[in-house]
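Following the UniProt record's numbering, the numbering of the sequence shown begins with 1 at its first residue and continues without gaps. Step one of this worksheet: look at the structure below.
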Amino acid sequence: MPLVGIAKGPRRDKNEFTLPASATSGRAFIRWVSMNKLLLIRARDEAHRFAIRYQRSLR
């Protein structure tokens, strides 16, 4: 299963994508990631929003 990591930059203004070393040979996967960056960013942001909302509901 291909994996990709996504993190906010030091100043929270840019997104850094991390691919495993084995993905460097998978050009199709790298192309897919570059074409779907916005989708990945939105999924990360939604998961973060969901987690914050859940934690606040426990208080």
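Ideal placement from N, C-alpha and C gives every residue a C-beta, glycine not left out. No experiment lies behind these values; they were computed from the predicted model shown.
If I measure Cβ to Cβ from residue i and keep anything under 8 Å in the same chain, skipping five residues before and after, which residues do I get?
i	result
Ser-6	The sequence shown places Ile at residue 6, rather than the Ser named in the question. These residues qualify, in order along the chain: Asn-15, Glu-16, Phe-17, Thr-18, Leu-40, Ile-41 and Arg-44.
Gly-9	Asn-15 and Glu-16
Going by DSSP in three states, residue i sits in which element: helix, strand or coil?
i	result
Lys-8	strand
Does residue i come within less than 8 Å of chain B when only Cβ atoms are used?
i	result
Thr-18	In summary, chain B is missing from the structure at hand, where a single protein chain is found.
Between the alpha carbons of residue i and residue j, how many angstroms are there, rounded?
i	j	result
Arg-59	Phe-50	15 Å
residue 80	Ser-57	There is no way to answer for residue 80, as the model of the chain reaches only from 1 to 59.
Met-35	Glu-46	19 Å
Val-33	Val-4	8 Å
Arg-53	Asp-13	23 Å
Excluding the 5 residues flanking residue i on each side, which residues of the same chain have their C-beta closer than 7 Å to its C-beta?
i	result
Pro-20	Leu-3
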